[in-house]
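Q:
In the numbering used here, the protein residues as written are 1 to 112.
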């Protein structure tokens, strides 16, 4: 398992998510200089790079990329507070979502 954070997801989520996933590699698209790639190009590059899941703020990606080669976990916000509060739910979604499947993690549901 290897997780990619899309450019809209704060890289500050990387370490907490990595810890929750037991040390699994979590990297950012920014680190790989993949900012300018279209969604289909990003997913193909991620697959070639050995990634099994993408965490993104692009909720439309699932509909636009129905045959994605990796799992797509969409989050409905990008505030670092919301992402950190939802880190456990995001980790659960990463573990349970298979390549070609899509999940939405609502940050609003995890706020107290």
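All residues carry an ideal CB built from backbone N, CA and C; glycine is no exception.
Give me the Cα-Cα distance between residue 23 and residue 53, rounded to the nearest whole angstrom.
A: Taking the first residue of the chain shown as 1, we reach residue 23 at position 23. Taking the first residue of the chain shown as 1, we reach residue 53 at position 53. Approximately 15 Å between the Cα atoms of the pair.
Q: In the DSSP assignment, what are the bridge partners of residue 103?
A: To locate residue 103, count along the chain shown from 1; it is residue 103. 73, per the DSSP bridge assignment.
Q: Decide yes or no for the touch test of the region 31–42 against the region 83–97: beta carbon pairs closer than 8 Å, at least 3 of them.
A: No: the two stretches stay apart, fewer than three of their Cβ pairs being nearer than 8 Å.
Q: Is residue 85 helix, strand or coil when you go by DSSP?
A: Along the chain shown, read from residue 1 onward, the residue named residue 85 stands at position 85. Residue 85 falls in the helix class under three-state DSSP.
Q: Within 10 angstroms of the Cβ of residue 90, are there 16 or more other Cβ atoms? Answer buried if so, exposed if not.
A: The residue given as residue 90 occupies position 90 in the chain shown. With 16 or more other Cβ atoms within 10 Å, it is buried.
Q: What span of residues does the alpha helix (DSSP H) with residue 29 cover, start to end?
A: In the chain shown, residue 29 corresponds to position 29, counting from 1. From DSSP, residue 29 is part of no alpha helix (DSSP H); its letter is neither H nor E.
Q: So what's residue 15 in DSSP terms, helix, strand or just coil?
A: Locating residue 15 in the chain shown gives position 15, counting from the first residue. In this structure, residue 15 counts as helix in the three-state DSSP scheme.
Q: Need the endpoints of the beta strand (DSSP E) that residue 53 sits in, please.
A: As a working note, residue 53 is residue 53 in the chain shown. First-last of the beta strand (DSSP E) with residue 53: 53–56.
Q: By the DSSP assignment, the beta strand (DSSP E) with residue 2 in it spans what residues?
A: For this step, residue 2 is matched to residue 2 along the chain shown. Where residue 2 is concerned, the enclosing beta strand (DSSP E) stretches over 2–5.
Q: So, helix, strand or coil for residue 96, using DSSP?
A: Residue 96 sits at position 96 when you count from the first residue of the chain shown. Residue state, collapsed to three classes: helix.
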